[in-house]
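Data first, discussion second: the structure below is written as structure tokens.
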Amino acid sequence: MSVEVTVPEDFIGEAVASVQSRRGTVRDLRSLGSLRVIDATVPLARLFGYVTELRSRTQGRGSAVMAFSHYDET
7 MSVEVTVPED FIGEAVASVQ SRRGTVRDLR SLGSLRVIDA TVPLARLFGY
57 VTELRSRTQG RGSAVMAFSH YDET
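First residue of the sequence shown? That's 7 in this note's numbering, and the numbers climb one at a time after it.
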């Protein structure tokens with residue numbers, strides 16, 4: 007799955023760690039004003055409960071948008 011995670015700058019480390027802990031690969035990091043946007047690829051099976059974890063790690067200020075990317079062997 008393709009995942010776009012948006013977090014305040016203060017929480018970029020937590021957000022990257024949360025993606026990587028779910029076997030995700032960060033493809034790009036960019037700025038959007040005072041926010042940071044992470045483009046990543048994460049296996050679908052690892053995304054269940056991810057938004058809840060992200061909001062917990064970012065004090066409710068992180069968001070994620072997910073979209074199908076491709077099939078891959080596990």
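The C-beta atom is built at its ideal place from N, Cα and C for all residues, glycine as well.
Cα separation between residue i and residue j?
i, j, result
"I18", "R42", "7 angstroms"
"S75", "L53", "13 angstroms"
"Y77", "G66", "31 angstroms"
"L50", "V32", "15 angstroms"
"R28", "L60", "12 angstroms"
"S69", "E79", "28 angstroms"
Tell me the DSSP secondary structure of residue i in three-state form.
i, result
"T47", "strand"
"S40", "coil"
"S27", "helix"
"S69", "strand"
Kindly indicate the opening and closing residues of the beta strand (DSSP E) around residue i.
i, result
"S8", "8-14"
List the DSSP bridge partners of residue i.
i, result
"L35", "I44"
From which residue to which residue does the alpha helix (DSSP H) around residue i run?
i, result
"S75", "Looking at the DSSP string, S75 is not in any alpha helix (DSSP H), and its letter there is neither H nor E."
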